[in-house]
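Chemist: This is the structure I want to talk about, given as structure tokens.
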Amino acid sequence: MEVDMKIKKFFLYFTIILSILSFGSLSQAGDYPDRPISVVVAYNPGGATDFQARLVTMMAAHPKKDYLGQPIVIINKPGAGGKVGWNWFASKARNDGYDLAAYNVPHFISQSIVFDDTKYNIDNLEPIANWGADPAVLIVGPDSPFNSVADLLKFAKANPGKVTFSGAGKFVGHHIAFLQFQKASGTKLTYVPHTGGVPALAAVKGGQVMAGFNNLSDAYRSQKDIKILAIADLQREATFLPNVPTLKEEGVDVDNSSVNFRGIMAPKGTDPKIIEFLAAKVPLMFNDKKTLKQMKKGGSPVRIMNRAEVQAMWKARKVSLTKLLAGLAP
Amino acid sequence: MEFLSYFSNVFTFTNLLILFLGTVGGLLMGAAPGLSPTMAVALLIPFTFKMSPEQGLIMLGAVYTSTVAGGAISAILLKIPGAPANIATVMDGYPMAKAGKPKEALHYCFISSFIGGVIGIFILIFFTPVLAGFALKFGPSHMFWIAIFGVTVIATLDSNSIIKGLFSGAIGLWLATIGYDSVLGVERFVFNPIFSGGINIIAALVGLFAIPQVLSMLESKQNISDQFEMEKRSLSQSVLYNISRIKALTVGSISGVIIGLIPGAGGQIAGLVSYDQIKKISKNKENFGKGEPDGIIAAESANNAMVGPSLVPLLTLGVPGSPTAAVLLGGLLIHGMFPGSNLFTVYAETTWTFIDSLLIAQLMMLVFGLYISGLAKYVIKTPANYMAAAITILAIFGTYSVQHNFADVIVMLFLGVSMFFLSKFGFTAAPIVLGLILGPIAETNFTQAKIIADTQNGIFSYLTSGPLNLTIISLCIISITYGFITEMKKKKND
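Residue numbers (our numbering), protein chains in the order written: chain A, -1 to 328; chain B, 302 to 795.
Shown next as structure tokens:
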């Protein structure tokens, strides 16, 4: 019976500790923020957005730095190319400043244009700051007969619909780049949506598809297993891929609408004072030397933008994407 | 023999401490329902920011190894698999414990995990260059057939009745279609917004296994200790018997290794496939499901043999061989280590130290796992009402922690209560969970295959051409035919 007593004691202590802990989280006072802040990532753990979100928020509670003074907890709510997480965020998140989310442009904007079951759009979300910009690049497998955009287009024109492209899902940056590329080059191509950037890249490496649009950062890391033909941006990427031409240089008129901007946002209705506080502190946190060093090590292109810049970028994207996606049903 | 020269790096005080904490923590996390290996590794990644790349990887590797094995503890003692990888362990582990041999069952679990795990890591050490390209050969058509092969396993998984097994599997496959289609983004069967994210696999696992167990504990008002006692069993006896089961160990390790190399399949399928195989080739088929040690040995050697090979495509190509390996990719990138040949040249020291530490982690998992087996008497002696309360708390916390979503908890409880009533009619949970795991793999890959095939010669020729497709198709046919023959024989004997 000695064992029985031990177990009963254990449960008694367990219950006491649990009740103390739950009391602690109920009592709240003081200035914002006085407890950890959660950031919802609408993609799986291990993906580029998740990985970067974890990196850029790691200094939030650093005792020697005056950033947020509280740690940021990443919560993954993946599904349907981000729809599940962002729908939750726009409709269910509390607007007390403790529920924030990571955004991906153009993904969430194009989804809000094309689908009628999205609960989010640029009007019910408040940008805080932008940390990165990852352009889409056109890639082919290592043994591909295509060595340039011209090679690929020559084949595509002779074989309409035969060239398969992988990308990380529907209406994400890769798909936007694909749609623009198809329209501007006047060819007919086939898009094969994958469940994420990593599997989409693997499909190109293994020759399951003939080509693909993928993140510059991921493609840069896999340069030995793929050929990078062009970049879907207005200028070349100077740090990581200075020798890769833009699609425009290759004669296909594609702008930077597909560039994947990543940053942090709050739900509408969050206290303006809190938004102001976050908008002032978060860019400083992104700009931390240690964070920048880690981002560079991880091959993740950084582009820090403040709240006003992001607001302007969101608006501009909404206009250009509406034009591009006009007449495209899901 | 390059790997030998880096062993000394593992044996520093800090590294050993990290290994120790990772292993013990991993065993406990694995045993808690809801905390799957994938979740455990994802939770720990932020902690590695402050560590050196070596230390960070050692911790993640140790946790990956031991959570996979830890899930078997609750599978054997409570009939609740700690993670999807341990579903097959329940089949014979729990009956064995119930028959008064819980300690022996735990012994086999950790010894087999160790043997399978070490074989898997040796595959990683010696065959990485040869096998590196293997993962890339698997396109949508092959992955579709792999999922179909898994479906053929469903039929024979439930030893009582093929019909009930298939029916349960179909329920699982249907549950898997709830939510958004992962390729085209179309919404299906979303009756209520809480289903828009689909049925979370961990929520389903916890609900289908843990809740019926809680309800039956309350129903019977019995202590587990009234059902079974902790027996005296010497470790050396268990080791000798375990090693003599060469067939089960071979089947388990080979299935684990192959499935580990295939991208995205993972331990959940490894355990079940190897369990099914050993059941089919064993001489004492009728003992399976009633406490046959070979069932535990095959399942546990398989899910740990998967760990090493799942890192082969990850380290060489950045293509994760299992969902947990996918999370581990983040752990590598954080330290600026990109998968590819650089890992074995520029970062050779870190990479080899990491691989060597996985071997030591297997050993630690064995030692502490066996030690924990001895403590299992506390679980057994716990009165049923305390146990039921504790499991319920863990089930709710575990489910909520996956995505911080209360809707998952509701789904978990609903599935659990339904399962409790279904089990009264002889249905079992394992085929439902397997259907839920295989559904998305089959569907996503079929949709992709269809899109690609339409640019070529059509879906039929795309799915049936090439040696790899034909090999997997023949495996499916063998599996189905075998199931039928066994069933016919059984009928004749009756």
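Idealized CB from N, CA, C, for every residue including glycine. The model shown is predicted, which means the values in this text are computed figures rather than measured ones.
Which two residues bound the contiguous beta strand (DSSP E) that contains ILE70 of chain A?
Modeler: Stepping through the first sequence from its first residue, residue 70 of chain A is reached at position 72. 70 to 74 is the extent of the beta strand (DSSP E) around ILE70 of chain A.
Chemist: Just verifying my parser: in three-state terms, what is the DSSP assignment at TYR783 of chain B?
Modeler: Indexing the second sequence from 1 puts residue 783 of chain B at position 482. Here TYR783 of chain B sits in helix by DSSP.
Chemist: Specify, as a first and last residue, the run of the beta strand (DSSP E) that SER146 of chain A falls within.
Modeler: Position 148 of the first sequence holds residue 146 of chain A. Unbroken run through SER146 of chain A: none, as it is neither H nor E.
Chemist: Straight-line CA distance for ASP115 of chain A to GLY205 of chain A?
Modeler: For this step, residue 115 of chain A is matched to residue 117 along the first sequence. For this step, residue 205 of chain A is matched to residue 207 along the first sequence. When rounded, the distance between both Cα atoms is 35 Å.
Chemist: How would you list, in chain order, the residues of chain B whose beta-carbon sits under 9 Å from the beta-carbon of ASP64 of chain A?
Modeler: As a position in the first sequence, residue 64 of chain A is number 66, starting the count at 1. Ordered by position in chain B, no residue passes the 9 Å Cβ test against ASP64 of chain A, which lies about 20 Å from the chain.
Chemist: Does any residue of chain A bring its CB to less than 9 Å from the CB of SER674 of chain B?
Modeler: Translated into the one-based positions of the second sequence, residue 674 of chain B becomes position 373. Chain A contact via Cβ: absent.
Chemist: Can you find a CB in chain A that lies within less than 9 Å of the CB of LYS404 of chain B?
Modeler: Looking up residue 404 of chain B in the second sequence gives position 103. Output row for LYS404 of chain B: interface = no.
Chemist: LYS225 of chain A bridges to which residues according to DSSP?
Modeler: In the first sequence, residue 225 of chain A corresponds to position 227, counting from 1. According to DSSP, which records beta bridges pairwise, LYS225 of chain A is partnered with A:VAL138.
Chemist: For SER23 of chain A, which residues of its own chain have a beta-carbon under 7 Å away from its beta-carbon, when the five flanking residues on both sides are left out?
Modeler: By 1-based counting over the first sequence, the position of residue 23 of chain A is 25. Low confidence applies here, because SER23 of chain A scores a pLDDT of 46, under 50, leaving its location unreliable; read the following figure in that light. Answer for SER23 of chain A: no residue qualifies.
Chemist: For ALA88 of chain A, which option in A:SER110, A:TYR118 and A:PHE275 has the closest C-alpha, if you only look at C-alpha atoms?
Modeler: Mapped onto the first sequence, residue 88 of chain A falls at position 90. For ALA88 of chain A, the nearest C-alpha among the options comes from A:TYR118.
Chemist: Does SER611 of chain B get closer than 9 Å to chain A when you measure Cβ to Cβ?
Modeler: Reading the second sequence from its first residue, position 310 is the one you call residue 611 of chain B. Output row for SER611 of chain B: interface = no.
Chemist: Are the C-beta of SER766 of chain B and some C-beta of chain A separated by less than 9 Å?
Modeler: On the second sequence, position 465 is the one that residue 766 of chain B refers to. No, SER766 of chain B does not count as interfacial toward chain A.
Chemist: Determine whether the Cβ of LEU24 of chain A lies closer than 9 Å to any Cβ atom of chain B.
Modeler: Numbered from its first residue, the first sequence carries residue 24 of chain A at position 26. Only weak support exists for where LEU24 of chain A lies, its pLDDT of 45 falling under 50; the coordinates are left without a value.
Chemist: List, in order along the chain, the chain A residues whose C-beta lies closer than 7 Å to that of ILE495 of chain B?
Modeler: Along the second sequence, one-based indexing puts residue 495 of chain B at 194. Result: empty, since nearest Cβ-Cβ is about 10 Å, beyond 7 Å.
Chemist: By Cβ distance below 7 Å, which residues in the same chain neighbour ALA27 of chain A in space, the five residues on each side in sequence not counted?
Modeler: For the purposes of this step, residue 27 of chain A is identified with residue 29 of the first sequence, where counting begins at 1. A caution first: ALA27 of chain A carries a pLDDT of 42, below 50, which makes its placement in the model too unreliable to give a value.
Chemist: Is the shortest distance between the beta-carbon of ALA677 of chain B and the beta-carbons of chain A less than 9 Å?
Modeler: The residue given as residue 677 of chain B occupies position 376 in the second sequence. Not closer than 9 Å to any Cβ of chain A, the Cβ of ALA677 of chain B fails to qualify, so no.
Chemist: The region 469 to 500 of chain B: which residues have C-beta closer than 7 Å to a C-beta of chain A, in chain order?
Modeler: Cβ contacts with chain A come from GLY480, TYR481, SER483, VAL484, LEU485, GLY486, GLU488, SER497, GLY498 and GLY499.
Chemist: Could you please tell me which residues of the region 325 to 343 of chain B, in chain order, have their CB closer than 9 Å to any CB of chain A?
Modeler: Residues passing the 9 Å Cβ filter: THR339, MET340, VAL342 and ALA343.
Chemist: Should ILE544 of chain B go down as buried or exposed, given a rule of 16 or more other Cβ atoms within 10 Å for buried?
Modeler: By 1-based counting over the second sequence, the position of residue 544 of chain B is 243. That one is exposed.
Chemist: Output needed for VAL308 of chain A: all residues of its chain with C-beta closer than 7 Å, excluding positions within five of it in sequence on either side, in chain order.
Modeler: What you label residue 308 of chain A is simply residue 310 of the first sequence in a count that begins at 1. The residues are PRO125, ALA127, ASN128 and GLY261.
Chemist: Does LEU24 of chain A come out as helix, strand or coil in the three-state DSSP assignment?
Modeler: Along the first sequence, read from residue 1 onward, the residue named residue 24 of chain A stands at position 26. Bear in mind that the predicted position of LEU24 of chain A carries a pLDDT of just 45, short of 50, making it too unreliable to give a figure here.
Chemist: Using a threshold of 9 Å, state whether the C-beta atoms of ILE692 of chain B and ILE416 of chain B are closer than that.
Modeler: Start at 1 with the first residue of the second sequence, and residue 692 of chain B comes out as number 391. Start at 1 with the first residue of the second sequence, and residue 416 of chain B comes out as number 115. The answer is no: Cβ separation not under 9 Å.
Chemist: Which ranges does the beta strand (DSSP E) cover as unbroken runs of at least 3 residues, wholly within the region 176 to 249 of chain A, from first to last along the chain?
Modeler: You should have 188 to 191, 209 to 213 and 225 to 229.
Chemist: Does ASP393 of chain B get closer than 9 Å to chain A when you measure Cβ to Cβ?
Modeler: Here residue 393 of chain B refers to the residue found at position 92 when the second sequence is read from its first residue. It does not; no Cβ of chain A falls within 9 Å.
Chemist: Apart from the five residues just before and just after THR748 of chain B, which ones in its own chain have a Cβ nearer than 7 Å to its Cβ?
Modeler: Position 447 of the second sequence, counting from 1, holds the residue named residue 748 of chain B. Excluding positions up to five away in sequence, the list reads VAL484 and LEU485.
Chemist: Taking C-beta pairs closer than 8 Å, name the residues in chain A that SER642 of chain B reaches, listed in chain order.
Modeler: Translated into the one-based positions of the second sequence, residue 642 of chain B becomes position 341. Going along chain A in sequence order, the residues near SER642 of chain B (Cβ under 8 Å) are LYS222.
Chemist: Residues in the same chain with beta-carbon distance under 7 Å from PHE669 of chain B, minus the five sequence neighbours each way, listed in chain order, please.
Modeler: Taking the first residue of the second sequence as 1, we reach residue 669 of chain B at position 368. Excluding residues within five positions, the ones whose Cβ falls inside 7 Å are THR324, VAL325 and LEU328.
Chemist: Taking DSSP as the reference, what is the three-state secondary structure of PRO640 of chain B?
Modeler: To locate residue 640 of chain B, count along the second sequence from 1; it is residue 339. Of the three classes helix, strand and coil, the one that applies to PRO640 of chain B here is coil, per DSSP.
Chemist: From PHE21 of chain A to SER220 of chain A, what distance separates their C-alpha atoms?
Modeler: Position 23 of the first sequence, counted from the first residue, corresponds to residue 21 of chain A. Position 222 of the first sequence, counted from the first residue, corresponds to residue 220 of chain A. Only weak support exists for where PHE21 of chain A lies, its pLDDT of 49 falling under 50; the value from the coordinates is given anyway. Computed Cα separation, rounded: 49 Å.
Chemist: Between which residues of its own chain and SER25 of chain A is the CB-CB distance below 8 Å, once the five residues before and five after are set aside?
Modeler: One-based indexing of the first sequence puts residue 25 of chain A at position 27. Model confidence at SER25 of chain A stands at a pLDDT of 41, short of 50, so the residue's coordinates are unreliable and nothing is read from them.
Chemist: What residue range is occupied by the uninterrupted beta strand (DSSP E) comprising VAL300 of chain A?
Modeler: Translated into positions along the first sequence, residue 300 of chain A becomes position 302. That run of the beta strand (DSSP E) goes 300 to 303.
Chemist: Could you list the residues in the region 256 to 287 of chain A with a C-beta less than 7 Å from some C-beta on chain B, going in chain order?
Modeler: From the region 256 to 287 of chain A, no residue has a Cβ closer than 7 Å to chain B.
Chemist: Going along chain A, which residues have a C-beta under 7 Å from ASN746 of chain B?
Modeler: On the second sequence, position 445 is the one that residue 746 of chain B refers to. Per Cβ cutoff of 7 Å: no residues; ASN746 of chain B is ~10 Å from chain A at best.
Chemist: By a C-beta neighbour count over all protein chains shown, 10 Å radius and 16 as the cutoff for buried, is ALA376 of chain B buried or exposed?
Modeler: Stepping through the second sequence from its first residue, residue 376 of chain B is reached at position 75. When all chains shown are included, ALA376 of chain B counts as buried.
Chemist: What residues in the region 165 to 186 of chain A bring their beta carbon closer than 7 Å to a beta carbon of chain B?
Modeler: Flagged, chain order: LYS168.
Chemist: Give the single residue among B:VAL574, B:LEU550 and B:ALA549 whose Cα lies nearest to the Cα of ILE560 of chain B.
Modeler: If you number the second sequence from 1, residue 560 of chain B lands on position 259. Answer by Cα proximity: B:VAL574.
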